[in-house]
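Colleague: Provided herewith is a single structure, encoded as structure tokens, for subsequent inquiry.
2 protein chains.
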Amino acid sequence: MSDETRLDDDDVTLAERPEEAARPDDRLDDERLDEENTLKPDYVRRVRDALEAGENGTVYDLVEPLHPADIADLFELCEADERALLAVAISDLMGSEVIAELNDYVREDMMEALDPEAVATIVEQLETDDAVQLIEDLDEEDQQAVLAEVEAEDRVAIESALSYPEETAGRLMSRNFVAVPEHLTVGQLIDFLRAEDDLPTEFYEVFIVDASHHPVGTCALGWVLTTPRNIALSDVMKRDQTLIPVMLDQEEVALMFQKYNLISAAVIDEDGRLVGQMTVDDIVHIISEEAGEDTLLLSGAGDGDINEPIRDAYSARVRWLVANLGTALVASLIIAAFGAAIEKLVALAILMPIVASIGGNAGTQTMAVTVRAIATNQLTRSNTGRILWRETRVAFLNGITISVLIGAATAAIFTPTLGAVIAAAMIINLLTAGLAGVLVPVAFERLDQDPAVASSVFVTMITDSMGFFAFLGLAVASGLAN
Amino acid sequence: MSDETRLDDDDVTLAERPEEAARPDDRLDDERLDEENTLKPDYVRRVRDALEAGENGTVYDLVEPLHPADIADLFELCEADERALLAVAISDLMGSEVIAELNDYVREDMMEALDPEAVATIVEQLETDDAVQLIEDLDEEDQQAVLAEVEAEDRVAIESALSYPEETAGRLMSRNFVAVPEHLTVGQLIDFLRAEDDLPTEFYEVFIVDASHHPVGTCALGWVLTTPRNIALSDVMKRDQTLIPVMLDQEEVALMFQKYNLISAAVIDEDGRLVGQMTVDDIVHIISEEAGEDTLLLSGAGDGDINEPIRDAYSARVRWLVANLGTALVASLIIAAFGAAIEKLVALAILMPIVASIGGNAGTQTMAVTVRAIATNQLTRSNTGRILWRETRVAFLNGITISVLIGAATAAIFTPTLGAVIAAAMIINLLTAGLAGVLVPVAFERLDQDPAVASSVFVTMITDSMGFFAFLGLAVASGLAN
Numbered sequence: 001m002s003d004e005t006r007l008d009d010d011d012v013t014l015a016e017r018p019e020e021a022a023r024p025d026d027r028l029d030d031e032r033l034d035e036e037n038t039l040k041p042d043y044v045r046r047v048r049d050a051l052e053a054g055e056n057g058t059v060y061d062l063v064e065p066l067h068p069a070d071i072a073d074l075f076e077l078c079e080a081d082e083r084a085l086l087a088v089a090i091s092d093l094m095g096s097e098v099i100a101e102l103n104d105y106v107r108e109d110m111m112e113a114l115d116p117e118a119v120a121t122i123v124e125q126l127e128t129d130d131a132v133q134l135i136e137d138l139d140e141e142d143q144q145a146v147l148a149e150v151e152a153e154d155r156v157a158i159e160s161a162l163s164y165p166e167e168t169a170g171r172l173m174s175r176n177f178v179a180v181p182e183h184l185t186v187g188q189l190i191d192f193l194r195a196e197d198d199l200p201t202e203f204y205e206v207f208i209v210d211a212s213h214h215p216v217g218t219c220a221l222g223w224v225l226t227t228p229r230n231i232a233l234s235d236v237m238k239r240d241q242t243l244i245p246v247m248l249d250q251e252e253v254a255l256m257f258q259k260y261n262l263i264s265a266a267v268i269d270e271d272g273r274l275v276g277q278m279t280v281d282d283i284v285h286i287i288s289e290e291a292g293e294d295t296l297l298l299s300g301a302g303d304g305d306i307n308e309p310i311r312d313a314y315s316a317r318v319r320w321l322v323a324n325l326g327t328a329l330v331a332s333l334i335i336a337a338f339g340a341a342i343e344k345l346v347a348l349a350i351l352m353p354i355v356a357s358i359g360g361n362a363g364t365q366t367m368a369v370t371v372r373a374i375a376t377n378q379l380t381r382s383n384t385g386r387i388l389w390r391e392t393r394v395a396f397l398n399g400i401t402i403s404v405l406i407g408a409a410t411a412a413i414f415t416p417t418l419g420a421v422i423a424a425a426m427i428i429n430l431l432t433a434g435l436a437g438v439l440v441p442v443a444f445e446r447l448d449q450d451p452a453v454a455s456s457v458f459v460t461m462i463t464d465s466m467g468f469f470a471f472l473g474l475a476v477a478s479g480l481a482n
Numbered sequence: 001m002s003d004e005t006r007l008d009d010d011d012v013t014l015a016e017r018p019e020e021a022a023r024p025d026d027r028l029d030d031e032r033l034d035e036e037n038t039l040k041p042d043y044v045r046r047v048r049d050a051l052e053a054g055e056n057g058t059v060y061d062l063v064e065p066l067h068p069a070d071i072a073d074l075f076e077l078c079e080a081d082e083r084a085l086l087a088v089a090i091s092d093l094m095g096s097e098v099i100a101e102l103n104d105y106v107r108e109d110m111m112e113a114l115d116p117e118a119v120a121t122i123v124e125q126l127e128t129d130d131a132v133q134l135i136e137d138l139d140e141e142d143q144q145a146v147l148a149e150v151e152a153e154d155r156v157a158i159e160s161a162l163s164y165p166e167e168t169a170g171r172l173m174s175r176n177f178v179a180v181p182e183h184l185t186v187g188q189l190i191d192f193l194r195a196e197d198d199l200p201t202e203f204y205e206v207f208i209v210d211a212s213h214h215p216v217g218t219c220a221l222g223w224v225l226t227t228p229r230n231i232a233l234s235d236v237m238k239r240d241q242t243l244i245p246v247m248l249d250q251e252e253v254a255l256m257f258q259k260y261n262l263i264s265a266a267v268i269d270e271d272g273r274l275v276g277q278m279t280v281d282d283i284v285h286i287i288s289e290e291a292g293e294d295t296l297l298l299s300g301a302g303d304g305d306i307n308e309p310i311r312d313a314y315s316a317r318v319r320w321l322v323a324n325l326g327t328a329l330v331a332s333l334i335i336a337a338f339g340a341a342i343e344k345l346v347a348l349a350i351l352m353p354i355v356a357s358i359g360g361n362a363g364t365q366t367m368a369v370t371v372r373a374i375a376t377n378q379l380t381r382s383n384t385g386r387i388l389w390r391e392t393r394v395a396f397l398n399g400i401t402i403s404v405l406i407g408a409a410t411a412a413i414f415t416p417t418l419g420a421v422i423a424a425a426m427i428i429n430l431l432t433a434g435l436a437g438v439l440v441p442v443a444f445e446r447l448d449q450d451p452a453v454a455s456s457v458f459v460t461m462i463t464d465s466m467g468f469f470a471f472l473g474l475a476v477a478s479g480l481a482n
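Protein chains in written order, with the UniProt record's numbering: chain A, 1 to 482; chain B, 1 to 482.
Given below as structure tokens:
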């Protein structure tokens with residue numbers, strides 16, 4: 001859209017000078033984007049001021065030169081109530097690319113505000129996979145209302161996608177791809193492509209199929225272009241290809257794209273027939289989401305999206321805090337059992353949080369490493385024992401270092417015996433933390449649970465309890481609080 | 001390599017049946033890979049047993065059918081001392097793809113074990129960007145020794161890449177790309193590509209440049225193939241393209257690829273001249289690394305790679321534990337200031353870890369959300385205020401919920417006054433945690449520090465100290481410990 005020339009406007013903006021649109025610094029160094037390629041606060045402020053003042057013409061002129069992905073960002077940076085105003089002001093810039101790039105929560109909000117006909121108009125502009133993403137957010141009733149407005153061909157494709165579970169290849173794949181029989185030559189393929197109208201907007205390889213539509217090979221467009229016309233496709237195609245089963249989870253799909261450096265791949269049904277393709281540009285978002293979500297899951301922040309409604313954020317997080325209250329109570333019970341000792345030696349109360357705190361942190365470190373290694377398929381049954389042994393040694397080294405520091409300081413400030421007690425408790429707790437940090441996520445993985453979701457609660461409970469128990473128990477055993 | 005037929009071998013393996021290599025379930029359902037596409041423990045065990053028994057022929061036959069990425073995985077799953085044995089047993093399968101897919105630490109280990117000539121032989125097989133990744137691991141002296149063995153043309157390209165800082169586009173880009181003048185027609189471009197020998201193995205678009213080698217547009221191979229031969233490139237090319245400055249950090253490059261859904265992009269030097277290209281298959285690894293590394297950095301686990309040498313893992317993690325010891329001491333000082341109160345009322349010692357623990361967790365939740373939003377460019381100066389207000393409200397809701405629970409329980413078990421004290425302390429600490437969870441990472445970001453690295457220490461210190469201070473202080477103020 002920034003290629004268009006708008007002659008009815010006096011302001012000269014970048015988009016109105018198409019002959020300069022390729023100036024190297026266009027997108028990187030202009031008045032709208034900063035060096036990190038995000039919209040400048042000044043610019044966002046001007047758009048919002050114009051929105052509030054009801055100056056829709058100004059808003060349009062400000063927004064029009066933006067790339068669709070930046071328009072999507074602009075929506076996210078506006079307050080919820082400004083988004084509807086913005087959509088009205090720039091309605092003819094609200095193309096499919098903007099919708100596809102919007103944050104899920106922001107898009108869901110906006111879709112719910114629109115009537116089914118308006119949603120249907122947007123859906124028809126979108127590629128099937130983007131349309132599915134938009135429709136799956138709606139509730140059943142709205143879905144039906146929108147689908148009723150959509151053309152039959154699109155509707156069939158969308159309903160087919162929705163028939164697969166969320167986050168599977170069948171839901172995410174594109175049903176528009178190029179598949180040709182293997183007897184074609186390179187020249188015949190090029191002629192076919194030139195004659196064909198309904199090609200995907202983006203494709204990077206041609207799939208070669210046999211008579212029953214089973215994929216037998218794949219041919220990158222680069223090879224097609226660099227091979228003489230008279231060569232048979234079967235002589236240039238690569239036979240060894242990565243095929244994605246239609247029911248495969250998106251996380252596994254993403255790992256396959258990463259592992260085998262794929263740009264696109266064929267999706268096959270249960271009978272091995274080619275039914276769709278996945279391209280890396282769709283996978284990139286999944287890779288980022290899946291890799292980033294562990295950070296949020298481990299902290300117990302749920303989806304952790306800053307656009308998530310407050311009630312959802314609250315309910316995701318409070319659940320974990322309540323679970324944590326439970327584990328904290330276990331720790332308190334252990335402290336309570338040593339109440340008499342604490343009354344006699346208040347130094348125990350002063351020092352005990354240190355043991356638990358360092359143990360908790362060491363456990364979190366090991367757990368983060370383990371969860372990440374499981375997520376990237378680096379930690380498997382083949383090497384679990386080795387990793388456990390590795391983490392034990394790291395924990396032992398950490399334990400020695402921290403014990404010496406805290407033991408010496410405690411001995412100097414309080415008594416040498418208390419120093420020895422806290423040093424011993426620290427080594428015990430760091431070894432416990434190392435073992436728990438590996439074993440808890442591995443156990444959840446073997447039980448087919450996401451190790452990122454539930455591990456923190458357990459690891460924290462183990463390190464907190466063990467920290468207090470080891471320290472207070474050793475103190476009593478050594479006769480410190482008699 | 002799996003297309004080759006080895007006639008000197010009686011065992012029939014998949015790779016020896018090229019005509020069947022496209023059987024849909026080849027890669028997904030065979031005796032070597034499980035349903036998550038990782039090597040089965042049984043299979044790894046057999047390879048390792050054969051290695052230990054010195055049966056190199058058996059090892060070769062077992063490994064030969066694997067995809068290079070799976071051979072790389074196999075190396076990682078073996079113990080360090082088995083890796084050298086494996087490399088010897090399958091030396092002619094150790095192609096560039098295997099080397100490129102190896103984990104950094106494993107590759108570094110193996111490179112250090114080889115002499116410069118052997119490394120140089122591998123380097124010459126690799127694309128420049130993979131070769132650079134391999135060489136940058138070596139120390140200066142070894143680098144020079146390897147480069148001396150490499151052919152002049154490759155050496156120049158590698159030295160040029162090494163002249164850019166690590167993790168910039170200049171270091172990572174491929175110097176092999178297709179750039180043509182804009183006066184060509186589609187037919188002339190195809191003829192040029194067919195005649196040209198030295199084309200990149202992977203390319204997805206052709207860059208159109210002017211006489212001074214400035215990029216003026218880009219043409220996806222799909223468009224070239226579907227456009228009649230007599231059309232001028234300048235009529236089919238896209239003028240609006242995303243250009244990557246050669247000094248841009250890889251994290252920003254990855255965000256640009258995600259934001260604009262790029263498959264490849266031109267890299268330009270300071271004068272705007274085309275100097276290289278980046279393709280999404282290189283970026284996918286960076287996206288995954290950058291998104292995953294926050295999990296590890298927030299936990300203070302450094303690189304957190306399970307292949308990292310133990311001494312490196314120890315030094316990365318102990319640093320953070322020592323920092324944490326410092327923050328725990330601050331908390332202890334606060335407790336010590338209330339020593340007299342604790343001696344009078346030991347219930348304070350029993351309950352005080354609860355306030356700090358829940359506060360710490362709430363702070364971690366908010367911090368994880370904030371760090372992730374900063375990393376994905378969703379949190380900018382334009383919406384910091386809104387996010388702060390949003391997190392304050394979530395913190396308040398969490399605070400009310402947790403306060404009611406712990407307040408009621410404490411009132412029942414101990415006294416109503418102590419219940420009120422802990423409830424009030426909990427709300428104060430959760431609000432503090434919410435504010436610190438946003439403000440600390442944002443402050444580090446504005447100071448150009450990575451918020452994932454340093455935020456945890458500060459947020460933990462703030463929530464621990466505030467938790468103990470609020471609870472013990474309110475207890476004293478309410479006359480509980482007089």
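Beta carbons are placed, not taken as given, at the ideal position from N, Cα and C, and that holds for glycine. It should be emphasised that the depicted structure is a prediction, and the values quoted were computed from it without experimental measurement.
Report the residue from A/Leu405, A/Asp450, A/Arg273, A/Arg311 whose alpha carbon sits nearest the alpha carbon of A/Ala215.
Modeller: Your numbering for residue 215 of chain A matches position 215 in the first sequence. According to the sequence displayed, residue 215 of chain A carries Pro and not Ala. Comparing Cα positions, the closest option is A/Arg273.
Colleague: Please report the straight-line C-alpha distance between A/Asn230 and A/Phe192, rounded to a whole angstrom.
Modeller: Position 230 of the first sequence, counted from the start, is the residue given in the question as residue 230 of chain A. Position 192 of the first sequence, counted from the start, is the residue given in the question as residue 192 of chain A. Distance between the alpha carbons of A/Asn230 and A/Phe192: 14 Å.
Colleague: Which one or two residues does DSSP pair with A/Glu205 in a beta bridge?
Modeller: For the purposes of this step, residue 205 of chain A is taken as the residue at position 205 of the first sequence. In the DSSP output, where bridge partners are listed per residue, A/Glu205 has A/Ala220.
Colleague: Does any C-beta atom of chain C lie closer than 8 Å to the C-beta of A/Arg155?
Modeller: Looking at the structure shown, chain C is missing, and the protein chains on hand are A and B.
Colleague: Thinking just about the alpha-carbon of each residue, which of A/Gly473, A/Val438, A/Gly467, A/Asp448 is nearest to the one in A/Ser456?
Modeller: Along the first sequence, read from residue 1 onward, the residue named residue 456 of chain A stands at position 456. Taking only the C-alpha atoms, the option nearest A/Ser456 is A/Val438.
Colleague: Here's the rule: buried if 16 or more other CB atoms are within 10 angstroms of the residue's CB, otherwise exposed. What is B/Pro228?
Modeller: Stepping through the second sequence from its first residue, residue 228 of chain B is reached at position 228. By the neighbour-count rule (16 or more Cβ atoms within 10 Å), B/Pro228 is not buried but exposed.
Colleague: Since A/Ile263 is in the alpha helix (DSSP H), which residue starts that stretch and which ends it?
Modeller: Your numbering for residue 263 of chain A matches position 263 in the first sequence. No alpha helix (DSSP H) holds A/Ile263; DSSP gives it neither H nor E.
Colleague: Check the Cβ of A/Asn37 against every Cβ in chain B and list those closer than 8 Å, keeping chain order.
Modeller: Taking the first sequence and counting its residues from 1, one reaches residue 37 of chain A at position 37. Within 8 Å Cβ-Cβ: Glu252, Leu255, Met256, Lys259, Asn377.
Colleague: Looking at chain A, is there any beta carbon in it that lies within less than 8 Å of the beta carbon of B/Glu343?
Modeller: As a working note, residue 343 of chain B is residue 343 in the second sequence. With 8 Å as the cut-off, B/Glu343 counts as an interface residue toward chain A.
Colleague: Please return the same chain residues whose Cβ sits closer than 8 Å to the Cβ of A/Val404, not counting the five positions on each side in sequence.
Modeller: The residue you call residue 404 of chain A lines up with position 404 of the first sequence. Cβ neighbours of A/Val404 beyond the five flanking positions: Ala423.
Colleague: Residue ranges of each alpha helix (DSSP H) run of no fewer than 4 residues wholly in the stretch 76-157 of chain B, ordered along the chain?
Modeller: 80-89, 96-101, 104-113, 116-125, 128-135, 140-149
Colleague: A/His67: buried (16+ other C-beta within 10 angstroms of its C-beta) or exposed?
Modeller: As a working mapping, residue 67 of chain A is identified with position 67 in the first sequence. That one is buried.
Colleague: Based on the DSSP secondary-structure assignment, which residues constitute the bridge partners of B/Asp249?
Modeller: Numbered from its first residue, the second sequence carries residue 249 of chain B at position 249. B/Asp249 pairs with B/Thr168.
Colleague: Any contact of the stretch 346-359 of chain B with the stretch 368-383 of chain B, i.e. 3+ C-beta pairs under 8 Å?
Modeller: With the rule of 3 Cβ pairs closer than 8 Å, the stretch 346-359 of chain B does not count as touching the stretch 368-383 of chain B.
Colleague: So is B/Gly54 buried or exposed if we call it buried at 16+ other beta carbons inside 10 Å?
Modeller: As a position in the second sequence, residue 54 of chain B is number 54, starting the count at 1. Answer is exposed; the Cβ neighbour count stays below 16.
Colleague: Within the chosen definition, does the stretch 121-138 of chain A reach the stretch 157-170 of chain A through at least 3 CB pairs nearer than 8 Å?
Modeller: In short, these stretches touch, since the Cβ pair count reaches three.
Colleague: Between B/Leu225 and chain A, is the shortest Cβ-Cβ distance under 8 Å, so that the two count as touching?
Modeller: As a first step, residue 225 of chain B must be located in the second sequence, where it is residue number 225. With 8 Å as the cut-off, B/Leu225 counts as an interface residue toward chain A.
Colleague: Using the beta-carbon of each residue, which ones in chain A are nearer than 7 Å to B/Phe207?
Modeller: Here the question's residue 207 of chain B lines up with position 207 in the second sequence. Result: empty, since nearest Cβ-Cβ is about 10 Å, beyond 7 Å.
Colleague: Would you verify that the beta carbon of B/His285 is, or is not, closer than 8 Å to some beta carbon of chain A?
Modeller: As a position in the second sequence, residue 285 of chain B is number 285, starting the count at 1. Between B/His285 and chain A, the shortest Cβ-Cβ separation is below 8 Å.
Colleague: What is the DSSP secondary structure of A/Pro353, counted as helix, strand or coil?
Modeller: For this step, residue 353 of chain A is matched to residue 353 along the first sequence. DSSP places A/Pro353 in helix when its eight states are reduced to three.
Colleague: Within 8 Å of any Cβ in chain B, is that where the Cβ of A/Arg107 sits?
Modeller: For this step, residue 107 of chain A is matched to residue 107 along the first sequence. Answer no: the Cβ-Cβ gap between A/Arg107 and chain B never drops below 8 Å.
Colleague: Under 9 Å Cβ-Cβ, which residues of chain A neighbour B/Ile387?
Modeller: Position 387 of the second sequence, counting from 1, holds the residue named residue 387 of chain B. By Cβ distance, chain A contributes Ile306.
Colleague: Determine, for A/Arg381, whether the minimum Cβ-Cβ distance to residues of chain B falls below 8 Å.
Modeller: Taking the first residue of the first sequence as position 1, residue 381 of chain A is located at position 381. It does: the Cβ of A/Arg381 has a partner Cβ on chain B nearer than 8 Å.
Colleague: What does a CB cutoff of less than 6 Å around B/Leu243 pick up in its chain, not counting 5 residues either side in sequence?
Modeller: As a first step, residue 243 of chain B must be located in the second sequence, where it is residue number 243. Around B/Leu243: Ala266, Ile268.
Colleague: Going by other Cβ atoms of all chains shown within 10 Å of its Cβ, with 16 needed for buried, is A/Glu308 buried or exposed?
Modeller: Along the first sequence, one-based indexing puts residue 308 of chain A at 308. Taking every protein chain shown into account, the CB of A/Glu308 has 16 or more other CB atoms within 10 angstroms, so this residue is buried.
Colleague: May I ask you to verify whether the stretch 277-297 of chain B touches the stretch 239-258 of chain B, counting CB pairs closer than 8 Å and requiring at least 3?
Modeller: Taking 8 Å as the limit for Cβ pairs, the verdict is that the stretch 239-258 of chain B does touch the stretch 277-297 of chain B.
Colleague: Sorted by chain position, which residues of the same chain lie with C-beta nearer than 6 Å to B/Gly302's C-beta, five sequence neighbours on each side aside?
Modeller: Within the second sequence, the letter at position 302 stands for residue 302 of chain B. So the list reads Ala316, once near-sequence residues are dropped.
Colleague: Please tell me whether B/Thr380 and A/Leu435 are closer than 8 Å, where the distance is taken between their beta carbons.
Modeller: In the second sequence, the residue the question calls residue 380 of chain B occupies position 380. In the first sequence, the residue the question calls residue 435 of chain A occupies position 435. Taking 8 Å as the Cβ cut-off, B/Thr380 and A/Leu435 do not qualify as a contacting pair.
Colleague: Once you ignore the five residues that flank A/Glu445 on each side, which residues in its own chain have a CB closer than 8 Å to its CB?
Modeller: Taking the first residue of the first sequence as 1, we reach residue 445 of chain A at position 445. Closer than 8 Å at Cβ, skipping near neighbours: Ile374, Pro451.
Colleague: Buried or exposed: B/Leu447, going by 16 or more other Cβ atoms within 10 Å of its Cβ?
Modeller: Against the second sequence, residue 447 of chain B aligns to sequence position 447. Counting Cβ neighbours within 10 Å, B/Leu447 comes out exposed, since fewer than 16 surround it.
Colleague: Alpha carbon to alpha carbon, how far is A/Leu147 from A/Arg155? Give it in angstroms, no decimals.
Modeller: Taking the first residue of the first sequence as position 1, residue 155 of chain A is located at position 155. Taking the first residue of the first sequence as position 1, residue 147 of chain A is located at position 147. Spanning the two alpha carbons is a distance of roughly 6 Å.
Colleague: Is residue 517 of chain A helix, strand or coil when you go by DSSP?
Modeller: Residue numbering for chain A in the displayed model covers 1 to 482; residue 517 of chain A lies beyond these limits and cannot be assessed.
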